[in-house]
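As numbered in this note's numbering, residues 52 to 650 make up the sequence shown, in order.
Each residue gets a CB set at the ideal place from its N, CA and C atoms; glycine is no exception.
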Amino acid sequence: MNPIKDGNNLLQAWRKANIASEEQIKQAGDLLDDSKTFVMVWAEEIAEIRNFGTKNDALTDFFAGAVYLMTGDEHSGYKDAICEKVDISKVQWNDRLKKLEKRAKLEQKENAKDDGEPIFHTGGWIGDHFLGLEYSPDLDRTFFAVRYPDGTVEDRVERVTIGHRKYVPIYANEIMRMKILLLPSEMNETVKSEEELLKMIRTHNYKYFDTGNDKMQEQLMTIYPLYTYMASQFRTIPYLRFLGDYGTGKTRALETIGPLCFQPIMTNAGSSASALMRILHMYQNSTLVLDEADFKDSSEASMIGKILNGGNRKGTGILKSSKDANGNFMPEAFMVVGPKIIGARKEFDDPATSSRCITKEMMPIQPHPRISPELPPLKTYARECLIIRNALFTYMMHNIQEDAEVSFDGIDPMVDARTKQITVSLLTIMKSKEGKSLVMDYMRTVTEERKSDRYSTFTARILEGLILAWAWGAVATRPEDAKRVYMKDIALASNLVLDEQKKLMGDDDVDEQADFVFGKKDEKSSSKKIKSQKVGHVFKKFLNISTVRATDGLPTYKGTMFVNMDVEEERIRGLCERWGVEWMERGSVEREKLPEYVD
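The structure is reproduced here in structure tokens:
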């Protein structure tokens, strides 16, 4: 047996040894006569496997990749040797070949079937292919833009074959012609950068909508249209909601950014729930632009509410019962997931619906003179929006993924948890420094606004009272009192804080949480002072701060409740950040005298 296994090395060895060509041919022939065939080497490798399951899988691959491809004469010549080597009977040999022949016939039959009628489709992911639906108003025809598994993209495709099946775009229909469903018409030759796209959106918004000095609204209206093109990558999709009374610009906001979004469905709450479900199911991941979403108490409104509740999370659907051809009721599933832009005058009755929204409360402002009371003529405005929509569509086709993980890396730790949860996917899609900065600015703006809203509440005053009492220092020199803040002192400090606020604001009223603490408001409620028992109730109900009963210490405090800062300090520091209350160090403020009413 020649020790050299590589053919090239063997040839070089022969040349160095000055072996004649005729001798090389003879030796090569002898080597071939003595060598084993590939199929027998494979069989020997399988024979070495001891695990039954592993060996069975290996035999399946062996028969499909080698035995089945042999000719009839080769079957006859190798059958006995292979059966003996891999330890199977001739019956098992025949059974495996029959199964492979049966599978081959089924595949041929399936392929023959696929050569028939094509499948009409509205786009989306099919296996590793992504199909984007296009509609040309000039041609009144639909096309596909196709992103192939290798990342290449092709535009204006009339049919595409995926896994032996032919797919063609759904025919142009009335909802496309009537501009209820707005589609891109084609891809651009060049892919614009994220910065260029954000600038296009911002310029469009500036032209047709006045955000005034509202930085948060400007950020939202710039980010969200781009986000809708990439939203299908994420498990959870936040909605964008404009909330305000008549004349605050809700409809104009929807008309400004709605036509820029991915496959926007422009409608209002007057549409039937059944129609909305079917169009969202047919054109999946489309952006529902829903104006006047103030539902009255009816079964129709209830169903639209279910569409909103079930339409922000990937992998969930709505089940509805319908009759089949025989009159039997059968469950029918609808996928209504996708971005949604909502205009409404009042809060939803269901808090679960509101929790799915990034909400911008609209205020009436006098628009800048550059803003026309009316949008341009329909065709002119539609053409402007189509140019931006095509650019965003082109970017999507080159960057879309089937699934993407959200990343919390780099998020400002000062941003509150709820804001992170509902906006992290917006941050994840941004690749440019400008885009990430825009989303982060929005996150900080929302956090500060929420913090400001919390700071204006009665609970924040009680928390300020706690911090003030802590800053007064210990009530005694005993080591046990070093980390105690007694409820008497907190009640006193809270009253001082409230009194100071009333003086500054010129207002003796308290808010709804104060009503909850004092009970129903009456003429004397504004002069009523908070006692430690009421402070404890706020701690338990709104701040989740625990209190402990003092069994030792000064007679004035023995038997009363206190907050143990050894246990609660870290939590309270976090609450100060959340509620916008300034933290003060122990002993940093001169102590007030304790009056009689805080017993």
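| Query | Result |
| --- | --- |
| Pick from Phe171, Thr508 and Met91 that is closest to Tyr218, judged by C-alpha positions | Phe171 |
| Residues near His324 in its chain [Cβ-Cβ closer than 7 Å; skip 5 each side] | For the sequence presented, residue 324 should be read as Ala rather than His. Excluding positions up to five away in sequence, the list reads Glu351, Met354, Ile355 and Ile358. |
| Exposure of Glu185, with buried meaning 16 or more beta-carbon neighbours within 10 Å | buried |
| Continuous alpha helix (DSSP H) stretch holding Met616: start and end | Met616 to Trp630 |
| Start-end ranges of the alpha helix (DSSP H) lying completely within the segment 250-319, minimum 4 residues | 266-281 and 301-308 |
| Given Asp540 as reference, the closest of Val242, Arg642, Phe590 and Val475 once Cα atoms are compared | Arg642 |
| Cβ pair Arg440, Leu311 closer than 8 Å | yes |
| Touch test, the segment 274-294 against the segment 384-391, Cβ-Cβ under 8 Å, three pairs minimum | yes |
| Beta-bridge partners of Val536, as assigned by DSSP | Val614 |
| C-alpha distance - Asn239 paired with Ala442, whole-angstrom precision | 6 Å |
| DSSP state of Ile422 mapped onto helix, strand, coil | coil |
| Neighbourhood of Leu519 by C-beta distance below 6 Å, restricted to the same chain and skipping five residues each side | Ala544 |
| Whole-angstrom distance between Thr307 and Val490, CA atom to CA atom | 20 Å |
| C-beta contact flag for Ile480 and Tyr334 at 8 Å | no |
| Uninterrupted alpha helix (DSSP H) stretches inside the segment 213-245 (no shorter than 4 residues) | 225-228 |
| Three-way DSSP call (helix, strand, coil) for Gly175 in this model | strand |
| Of the listed residues Gly638, Phe590 and Ala601, nearest to Arg622 (C-alpha basis) | Phe590 |
| Length of the line joining the Cα atoms of Asn363 and Thr299 | 26 Å |
| 8 Å Cβ cutoff, Ser140 in contact with chain D | This model lacks chain D altogether; it includes just one protein chain. |
| Own chain residues within Cβ distance below 6 Å of Gly174, not counting five before or after | Leu182, Gly183 and Leu184 |
| Leu605 (DSSP reduced to helix, strand or coil) | coil |
| Within the segment 485-550, ranges of the beta strand (DSSP E) (whole runs, at least 3 residues) | 535-537 |
| Reduced DSSP category for Arg192 - H, G, I as helix; E, B as strand; rest coil | strand |
| C-alpha gap between Ile221 and Glu125, whole angstroms | 51 Å |
| Arg434 versus Ser236, Gly128, Glu135 and Asn107, residue with shortest Cα-Cα distance | Ser236 |
| Three-state class that DSSP yields for Thr88 in the structure shown | coil |
| Whether Ala522 touches Arg637 by CB criterion (8 Å) | yes |
| Limits of the unbroken alpha helix (DSSP H) element including Arg434 | Leu429 to Asn450 |
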